[in-house]
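Chains as they are written, first to last, in UniProt numbering: chain L, 1 to 505; chain E, 1 to 501.
Glycine included, each C-beta is placed from N, C-alpha and C at the ideal position.
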Amino acid sequence: MSELIRLTAAELAARIHSGEVSSVEVTRAHLDRIAQIDPAVHAFLHVDTDGALAAARAVDEDVAAGRPVASPLAGVPLALKDVFTTEGIPTTCGSRILQNWVPPYDATLVRKLREAGVVVLGKTNMDEFAMGSSTENSAYGVTHNPWDLDRIPGGSGGGSSAALAAFEAPLAIGTDTGGSIRQPASVTGTVGVKPTYGGVSRYGLVAFSSSLDQGGPCARTVLDAALLHEVIGGHDPLDSTSIDAPVPPVVAAAREGAAGDLRGVRVGVVREFSGEWYQAGVISAFNRAVDVLRELGAEVVEVSCPHFDYGLPAYYLIAPSECSSNLARFDAMRYGLRVGDENGNSAEQVMSLTREAGFGAEVKRRIMIGTYALSSGYYDAYYGQAQKVRTLIARDFAAAFENVDVLVSPTTPTTAFPIGERVDDPVAMYRADLCTIPANLAGTPAMSVPAGLSEQDGLPVGLQVMAPALQEQRMYRVAAAYEVARDRAEGGPFINRVPELEVAR
Amino acid sequence: MTLSTSDVLDYDEVLERFDPVLGLEVHVELSTRTKMFCGCPTTFGAEPNTQVCPVCLGLPGSLPVVNGKAVESAIRIGLALGCEIAPWCRFARKNYFYPDMPKNFQTSQYDEPIAFNGELVLELADGETVVVGIERAHMEEDTGKSLHVGGATGRIHGAEHSLLDYNRAGVPLIEIVTKPIVGTGARAPEVARAYVTALRDLLRALDVSDVRMDQGSLRCDANVSLMPKGATVFGTRTETKNVNSLRSVERAVRYEMTRQAAVLVGGGEILQETRHFDESTGTTSAGRRKETSEDYRYFPEPDLVPIAPSPEWVEELRATLPEMPWQRRKRVQADWGLSDLELRDLVNAGAIDLVAATVDAGASPDQARAWWGNYLAQEANSRGVELPDLPITPAQVARVAALVAEGTLTNKLAREVVDGVLAGEGEPDAVVAARGLEVVSDDSALYAAIDEALAAQPDVADKIRGGKVQAAGAIVGAVMKATRGQADAKRVRELVLERCG
């Protein structure tokens, strides 16, 4: 295994920009790693070898010519969740209905990556249309967790999290509607950040639930996530819901946090995030992490957010309602799969047959739930009521942040569960997002940083750090401080504890 | 129009037994340069699917951005209709599947329209006024167009295949909905037509739309119901679509009244349904029956932020409102010294704005009225178009009038110039030059023609010299012929008499 693939994005960028190593070499090392290991992990749905090498060469030419590089991450490879449109490169969203669809345009986030000289290696696997917590709902096969190939890598962004943990890419992009960045980060021992809603453009992000979806950075270190956050963040006139404000200074905050001093920082532990659904190993790892924060000088208090308990049911009305409308466009008329266009079938029949064949069971379940919840006579009781819960949760956050700078909790109640364990129990699957959903409903930022291994099963546990809207620098600072202390105690980067994968020869 | 008597009831009998209730929904395509939610152009008649982008095609991942100019137009329309303007409102998704709708939902407004609670005052042909309440005016996007190929009706049912053109998808629309219009009795069809006419004139004055019913930039859906005389509860209504001209509005309402009455008198029930107007027969037919009533599952559009027009902005827009058509009518009547009847004739001919614009361009009110009220009105009539659709502008008419006033053209020549403009030969001056229509006012040229004519008819010349002044007519005629009518006959006569002194 090439040493290059073990480096952080920040280290790689430094070496590439100094000319010590070329971006092409770095890119080839990762492409080689993907070729070797991905048959076992299945993180990628599409690898764009030519495009990646071309992007890498362009950065190398800048370096060779002494021109300033396009960004602090120029030349560094990245794995892109297959939910962002990429001009000329297939975009499937993990769905059969978009098999072979090649978008004619780049998402704003993708354009920013390209302009920053970030090398997009390919598109990663995901639960179909980002609906799921295990990546088992992909129409293109499951992704395996590099910590234990028989376990799930989280979802919906399991391809991105697995690619990081398998050293197939030092950076990745995810999207988080109810936890799809943070929960995969938690169960793969990586870092995942859901920015403030509106902090990263959604233009070109194929919508699951428009009012909740948020793209964000994934990496193996807090600093790398911060560097990527600053590349992809910022206002986009093509997304009306994007915030017209500067990107919070997250890189500076990550560097500041790495100094390891949290004196003066008030940390709130959310009382409601514990109880019967939480594994003992997760709770004890979380408690140890809180102890570390205290040791770093933070003042830790317990905080109650009484309406967080209603987050999950409210989410499972709002997200399906919006998805039932967002996914209506997949009708075989203009693009994507078309089934039954023969025997004189009408347009309506073709639409129906295509949607029957093209959508998986979980997507259909949510379309049906959402269609029902929006129906006349039920709207007030379901969608309307859920929106009220949303307001109450936002008020819980606001009240909490009057007294503390950040809130912390476990990212998800359990460690990575075995593939297949929850496929027939949707509610058990939904509970994976218990702790992550409130931040989506409130539009506030939150991130997951690895909090060591569960003593129960030796698998990674995630520490979730939540901050007020547009105050991402607070959580980056806390997460970076924790990360340094954790690695010091462990005697090296946590991610290096991931087992060597058996490479198919 | 042939109708079997069982289909419809005699109109007088309808009115003896029923009171009609109308509700009119008018869709106006705004003439903004770009679409409602993207930067694509809105030009009518472009090659199919050339004015499209990821947003108006509803491609996965694309997002809408509101056209500020369209919001401005919506507010101005609302203000002109005397509506309240919502200080905060949202878009909503109207969910239903149809191939010409790229997202399978229409971004519209539901319970939070941008303008609501206004009125429009109509004047009928005999001068009676009717106040029509405006329920709401809201913003939405147009759909694409389907062309159904094969099958008998040109409608989707029975078609072999359909062609889709998404150029129109996303064009900004304002939907203006009336409150129920009651108590109009026999005049209901006339009121419906007068309402759409008044609304069209208002929208034209606001310069927010082409308001071309023939091109679909103004579309009217007519809701009609009947209730037995003296009843207070409205009957079941039908909604008639495909009403593509002012005349059709009137015919469609009248037909629905007689059809519904026949059903009711025959003991039947009116089905709440969409009906389709057929221009050629003047009848309506039922659309495809729906098994269940449509549930559009409206919910607030999460991809757009709320629209919150500030009171200052609304007042700024109010200040941009032009003179309203009814204000203009009052003013021009006074300015031009018209009798009520003369005014009404101009109004009924749809000529007020044209005459006013012609006056604004320098013509006298009498000249302007004469052109639009007579020669051009006949021309429009023989072409079967509305007066404003004639290919001549008020400025061009004013120029012709000016040429007459300064003696460059006679009335006869002026009509030829107008014909030339209508035939697409260019501006009036260009037509005059190209056709050589200028009046020969150079006396020396006329003397030459007169001398020639006198020499050619010596006996006539002698008679004139002998005092038979009426004989001059023959010489004048010869001169006019020689100058191909471009001389001023009065002047020619003067010169002939002078010559024969």
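Per the DSSP calculation, residue i is bridged to which residue(s)?
| i | result |
| --- | --- |
| L:D433 | Note: L:D433 sits in no beta bridge, so no partner. |
| L:D457 | Beta-bridge pairing links L:D457 to no other residue. |
| L:G215 | L:T175 |
| E:I174 | E:V28 and E:M139 |
| L:M466 | L:L407 and L:A446 |
| L:R266 | L:E299 |
| E:H276 | E:K241 and E:S285 |
| L:L80 | L:K123 and L:I173 |
| E:P300 | E:A92 |
| E:C220 | E:V26 and E:V243 |
| E:D225 | In the sequence as presented, Asp is not what sits at residue 225 of chain E; that position holds Ser. In DSSP, E:S225 forms a bridge with E:V21. |
Going along chain E in order, which residues have a C-beta closer than 8 Å to the C-beta of residue i?
| i | result |
| --- | --- |
| residue 530 of chain L | Here chain L has residues from 1 to 505 only, and residue 530 of chain L is not among them. |
| L:Y383 | F299 |
| L:L203 | Checking the sequence, you will find Tyr at residue 203 of chain L rather than Leu. Result: G61, S62 and L63. |
| L:A245 | Simply none; closest approach about 14 Å. |
| L:S210 | P302 and D303 |
| L:T371 | R297 |
| residue 508 of chain L | Past the boundaries of the shown model lies residue 508 of chain L; chain L is included only from 1 to 505, so the question cannot be answered. |
| L:R474 | Here the premise fails: no neighbours, minimum Cβ distance about 26 Å. |
| L:R338 | Those within 8 Å of L:R338 in chain E number zero; the least Cβ separation is about 12 Å. |
Give the interface partners of residue i over in chain L, defined as CB-CB distance under 9 Å, in chain order.
| i | result |
| --- | --- |
| E:K103 | S325, N326, A328 and R329 |
| E:S162 | A347 |
What in chain E is Cβ-close to residue i, meaning under 7 Å?
| i | result |
| --- | --- |
| L:L374 | R297 and F299 |
| L:E322 | P302 |
| L:R28 | Result: empty, since nearest Cβ-Cβ is about 30 Å, beyond 7 Å. |
Please find out if some non-hydrogen atom of the ligand ADP comes closer than 6 Å to the beta-carbon of residue i.
| i | result |
| --- | --- |
| E:L15 | Annotation note on the ligand ADP: not contained in the displayed structure, which lists no ligands. |
With distances taken from CA atoms, which of the options is nearest residue i?
| i | options | result |
| --- | --- | --- |
| E:V28 | E:G61, E:V132 and E:V177 | E:V177 |
| E:F277 | E:D462, E:H161, E:G267 and E:T240 | E:T240 |
| L:W277 | L:R431, L:R488 and L:P468 | L:R431 |
| E:N167 | E:A46, E:A308 and E:M324 | E:A46 |
| L:V41 | L:S325, L:D244, L:G268 and L:G154 | L:G154 |
| residue 504 of chain E | E:P189, E:L338 and E:I134 | This structure leaves residue 504 of chain E out entirely; chain E is present only between 1 and 501. |
| L:N326 | L:A207, L:L164 and L:D176 | L:A207 |
| E:P249 | E:T197, E:A370 and E:T236 | For clarity, residue 249 of chain E is Val in the given sequence; the question names Pro instead. That would be E:T197, whose Cα lies nearest to the Cα of E:V249. |
| E:E72 | E:P20, E:M139 and E:E128 | E:M139 |
| L:E490 | L:W101, L:R288, L:L171 and L:R266 | L:R288 |
| L:P426 | L:M333, L:D62, L:P450 and L:R365 | L:R365 |
| L:S376 | L:L223, L:G158 and L:S321 | L:S321 |
| L:L31 | L:D150, L:V265 and L:G122 | L:G122 |
| L:M333 | E:G485, E:W326, E:N223 and E:P99 | E:P99 |
| E:D442 | E:L495, E:V332, E:G467 and E:A434 | E:L495 |
| E:A125 | E:L346, E:N49 and E:V431 | E:L346 |
| L:V301 | L:E168, L:S240, L:V270 and L:Q473 | L:V270 |
| E:G362 | E:V208, E:R399, E:V460 and E:G127 | E:R399 |
| E:Y110 | E:E135, E:T281 and E:L341 | E:E135 |
In chain E, what lies closer than 9 Å to residue i by C-beta?
| i | result |
| --- | --- |
| L:L113 | Within 9 Å Cβ-Cβ: nothing; L:L113 doesn't reach chain E, min ~15 Å. |
| L:T85 | P54, L59, P60, G61 and S62 |
| L:P103 | P54, L59, P60 and G61 |
Kindly list, in the order they appear in chain L, the residues whose Cβ is closer than 7 Å to that of residue i.
| i | result |
| --- | --- |
| E:F97 | A328, D331 and M351 |
- Message: I'd like to know if the segment 294-310 of chain E and the segment 87-96 of chain E are in contact, where contact means that at least 3 CB-CB pairs between them fall below 8 Å.
- Response: yes
- Message: Check whether the segment 402-409 of chain L and the segment 289-307 of chain L are in contact - that is, three or more C-beta pairs closer than 8 Å.
- Response: yes
- Message: With a threshold of 8 Å, are at least 3 pairs of Cβ atoms found where one atom belongs to the segment 55-62 of chain L and the other to the segment 23-38 of chain L?
- Response: yes
- Message: Tell me which residues of the segment 223-240 of chain L have at least one Cβ-Cβ distance to chain E shorter than 8 Å, keeping chain order.
- Response: P237, L238, D239 and S240
- Task: Output, in sequence order along the chain, the residues in the segment 62-93 of chain E whose CB is closer than 8 Å to any CB in chain L.
- Result: S62, L63, P64, V65, V66 and R93
- Contact the segment 375-394 of chain L vs the segment 308-317 of chain L: 3+ CB pairs below 8 Å: yes
- Message: Taking beta-carbon pairs under 8 Å, can you tell me which members of the segment 139-156 of chain L lie near chain E?
- Response: none
- Item | Stretch-stretch touch, CB-based, cutoff 8 Å, three pairs: the segment 67-75 of chain E with the segment 28-45 of chain E | yes
- For the 8 Å Cβ check, are there 3 or more pairs between the segment 105-113 of chain L and the segment 132-146 of chain L? no
- Query: Are the segment 122-131 of chain L and the segment 156-174 of chain L touching by the rule of at least three beta carbon pairs closer than 8 Å?
  - Reply: yes
- Counting Cβ pairs, one atom from each stretch, are 3 or more of them under 8 Å apart for the segment 224-237 of chain L and the segment 263-273 of chain L? no
- Item | At least 3 beta-carbon pairs within less than 8 Å: the segment 251-260 of chain L vs the segment 479-490 of chain L | yes
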